[in-house]
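Quick notes on the structure that follows.
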Amino acid sequence: MGFRSVLCRPFVANFANQQDKWSSKPVLTQLRQFEYLAKKGRDTAFGREHGFDGIRNYHDFKKLVPVSDYESFSPYIKRIINGEKDVLWPGKPAYFAKTSGTTSGIKYIPLSAESIPYHINGARNALFNYILETGKAGFLDGGLIFLSGSPVLEEKGNIKTGRLSGIVNHHVPVWARMNQKPSYQTNCIEDWETKIEKIIDETIDARMTLISGIPPWVQMYFDRIIERTGKKISAVFPDFSVFVHGGVNFEPYRARLIESIGRQVDSIETYPASEGFIAYQYRQNEPGLLLLLNSGIFYEFIPADEFYSEDPPRLTIEDVKEGINYALIINSNAGLWGYSIGDTVKFISLNPPLVQVTGRISHFISAFGEHVIVEEVEKALKNALTEFTGTEIAEFTVAPVVNSGQGLPHHEWLIEFSRMPGNLDDFSAKLDASLRKLNAYYDDLVTGAILQPLKIVRLRKDSFRDYMKTIGKLGGQNKVPRLSNNRLIADQLAMYVE
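Counting from 1, position 292 in the sequence shown corresponds to residue 292 in the numbering used here; the numbering is continuous, with no gaps.
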């Protein structure tokens with residue numbers, strides 16, 4: 001056992017004590033977060049404009065602070081860029097995390113000196129929680145690879161700006177940096193395909209024990225290693241034991257990743273966002289991410305099916321129920337107030353508070369009133385793959401076809417198969433039947449001959465990688481939406497049809 005795995009033990013014990021304290025008292029923990037944030041917000045332009053001096057409780061807060069998106073916040077961001085202080089949070093942001101918006105173009109999400117440690121500690125605590133549960137700490141003594149965006153930062157209004165993963169790279173603790181891969185120089189390479197080859201050069205002969213990244217880009221890393229060596233990942237990295245992932249649902253990628261590795265490895269799911277480190281996997285063999293209620297964020301929840309209503313209910317951790325799809329709203333120590341991050345979650349436990357990420361509030365198909373959501377298409381696909389063993393899918397997206405010229409409208413599934421099912425028609429029928437069981441509205445439309453059953457369009461190998469490259473989003477934190485209520489993505493993927 002190496003010195004890192006030994007030295008971490010007292011830190012893990014302290015972490016366990018702290019996690020037990022706050023997670024066993026979710027309502028009190030969130031109340032303390034709310035009181036702290038509301039107090040700090042009084043000394044900001046946003047707080048003055050929204051009457052924070054008059055806030056005595058959450059009921060007051062709801063009346064004074066509307067639910068907002070980035071478009072609503074952009075005037076405040078512009079004021080910060082123009083040099084104004086104390087706009088959303090006291091002082092000026094330490095960084096802007098640059099993200100791609102669907103309607104806003106590039107978004108600049110503020111990170112404060114107070115919020116940065118929670119991003120770092122959230123990732124660390126995900127590992128500590130794993131060690132606490134399993135007793136396994138040996139992975140800390142080997143090579144740790146973090147497939148991330150470039151740490152090269154630009155400036156926006158004299159504020160350092162870059163991708164969140166690149167910013168976090170500047171704050172990796174010393175104990176992890178000593179055996180971190182890839183090197184800083186390699187991590188600075190912008191072109192993803194060049195970068196991945198350099199990463200392989202630096203890691204292929206190393207004793208890698210932990211690999212972390214968004215699943216499709218880790219798969220690309222694995223594919224290139226297998227192409228270069230002719231060996232499974234477990235043969236190249238025999239001590240590889242922990243896979244840390246986040247950003248997208250792991251399930252559609254699981255089978256192919258495990259097949260590439262050549263054996264089972266433990267995995268830790270995380271839920272990082274530019275707006276905050278929100279949750280991490282609580283138990284290895286049980287579903288659910290522990291919602292971090294003491295991480296500088298006060299959470300609100302809006303039932304997803306009421307999100308677009310005129311006056312949707314806003315709930316706290318005290319009010320939520322298991323099994324309901326909620327839009328996630330945050331108020332943070334980076335100065336985001338009533339901010340919809342666009343994700344939807346569902347509680348599977350209230351004590352401790354465990355959630356599953358179910359999709360994006362804007363990613364759905366309801367061209368015909370069916371309101372099919374990401375969680376449903378991913379479950380339907382998982383059910384179909386369970387029956388069609390051996391079938392593997394590299395990537396997929398779904399869009400409506402309103403005027404097909406081939407009969408009734410339908411949902412079009414654009415799928416890049418790694419391994420085709422024996423009978424594509426049977427697979428399609430099973431997929432459609434699974435979706436109909438999961439969504440009663442969709443079932444009614446198909447039964448009533450308003451829609452015909454879904455159709456699968458096969459895309460050639462590497463279609464999604466090539467598409468992401470053409471739009472300048474290959475690698476890093478970028479991912480393809482699972483669902484679109486229009487055909488903007490589907491029509492661009494048409495050039496890759498087999």
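We put the beta carbon where it would ideally sit given N, CA and C, even for glycine.
Own chain partners of residue i with C-beta closer than 6 Å, once the 5 adjacent residues on each side are dropped
i, result
"Thr102", "For Thr102, the predicted model reports a pLDDT of 44, less than 50, meaning its position is unreliable; a value from the coordinates is still stated below. So no residue of the chain qualifies."
"Ala126", "Ile268, Thr270 and Tyr280"
"Arg458", "Glu498"
"Asn249", "Glu378"
Boundaries (first-last residue) of the alpha helix (DSSP H) holding residue i
i, result
"Asp466", "Ser463 to Thr470"
"Ile226", "Pro215 to Thr229"
"Pro10", "Phe3 to Ser23"
"Ala522", "Given a span of 1 to 498 for the chain in the structure shown, any question on residue 522 remains unanswerable."
"Lys63", "Tyr58 to Leu64"
"Phe128", "Ile116 to Thr134"
"Phe237", "Careful: Phe237 lies outside any alpha helix (DSSP H) and carries neither H nor E."
"Lys479", "Here Lys479 belongs to no alpha helix (DSSP H), and DSSP marks it neither H nor E."
"Thr545", "Nothing about residue 545 can be read from this structure; the chain reaches only from 1 to 498."
Cα-Cα separation between residue i and residue j, rounded to whole angstroms
i, j, result
"His410", "Arg228", "42 Å"
"Tyr441", "Gly369", "7 Å"
"Thr397", "Leu381", "11 Å"
"Ile233", "Gly262", "7 Å"
"Gln406", "Ile456", "14 Å"
"Asp141", "Thr203", "15 Å"
"Ser104", "Lys231", "With a pLDDT of 49 at Ser104, under the threshold of 50, the modelled position of this residue cannot be trusted; read the value that follows with caution. Taking the straight line joining both Cα atoms gives about 44 Å."
"Leu315", "Phe237", "47 Å"
"Phe298", "Glu114", "14 Å"
"Pro66", "His171", "33 Å"
"Asp239", "Pro10", "24 Å"
"Asp426", "Asp432", "10 Å"
"Asn121", "Val168", "11 Å"
"Gly247", "Glu392", "20 Å"
"Asn383", "Lys437", "11 Å"
"Gln180", "Asn403", "52 Å"
"Arg487", "Glu412", "10 Å"
"Lys473", "Ile131", "34 Å"
"Asp54", "Leu445", "Rather than Asp, the amino acid found at residue 54 in this sequence is Gly. Taking the straight line from one Cα to the other gives about 50 Å."
"Leu290", "Gln30", "14 Å"
"Glu193", "Met468", "12 Å"
"Val242", "Gln264", "10 Å"
"Val6", "Leu493", "50 Å"
"Asp266", "Gln284", "7 Å"
"Gly335", "Ala16", "29 Å"
"Ala327", "Val152", "33 Å"
"Phe3", "Leu210", "17 Å"
"Pro216", "Glu35", "40 Å"
"Ile116", "Phe96", "11 Å"
Top-ranked residue by Cα proximity to residue i, from the options
i, options, result
"Tyr118", "Leu292, Leu454, Leu435 and Val374", "Leu292"
"Ser68", "Asn331, Ala429 and Phe427", "Asn331"
"Ile415", "Lys85, Arg482, Ala367 and Arg487", "Arg482"
"Asp223", "Arg465, Gln452 and Ile317", "Arg465"
"Ser484", "Ala38, Leu438 and Val372", "Val372"
"Arg163", "Pro110, Ile55 and Lys136", "Pro110"
"Ile317", "Ser5, Leu28, Asn17 and Ile361", "Leu28"
"Lys40", "Ile365, Val480 and Trp337", "Trp337"
"Asn439", "Gly422, Thr386, Phe364 and Pro421", "Phe364"
"Ile80", "Arg48, Ile116, Gly157 and Ala16", "Gly157"
"Met208", "Lys92, Ile278, Phe146 and Gln19", "Phe146"
"Phe139", "Val244, Asn57, Thr99 and Leu435", "Val244"
"Leu408", "Ser260, Phe388, Gln452 and Gly47", "Gln452"
Proximal residues to residue i (C-beta, below 7 Å), its chain only, five neighbours per side dropped
i, result
"Ala176", "Leu144"
"Ala273", "Ile341"
"Ile196", "Met220, Tyr221 and Arg224"
"Glu155", "Thr161"
Residue interval of the beta strand (DSSP E) (run including residue i)
i, result
"Tyr108", "Ile106 to Leu111"
"His500", "An answer regarding residue 500 cannot be provided, because it is not within the stretch 1 to 498 covered by the chain."
"Tyr280", "Gly276 to Gln281"
"Lys160", "Ile159 to Gly162"
"Lys195", "Unbroken run through Lys195 is the alpha helix (DSSP H), Trp192 to Thr203; no beta strand (DSSP E)."
Counterpart residues of residue i in DSSP-defined beta bridges
i, result
"Phe298", "Asn331"
"Thr344", "Gly359"
"His50", "DSSP lists no partner for His50."
"Ile415", "Phe396 and Arg458"
"Asp266", "Val242"
"Glu154", "Thr161"
Own chain partners of residue i with C-beta closer than 8 Å, once the 5 adjacent residues on each side are dropped
i, result
"Pro353", "Ser23, Pro26, Leu290, Leu291, Leu293, Ile317 and Phe347"
"Ile500", "Given that the chain is displayed from residue 1 to residue 498, the structure contains no residue 500 and the question cannot be resolved."
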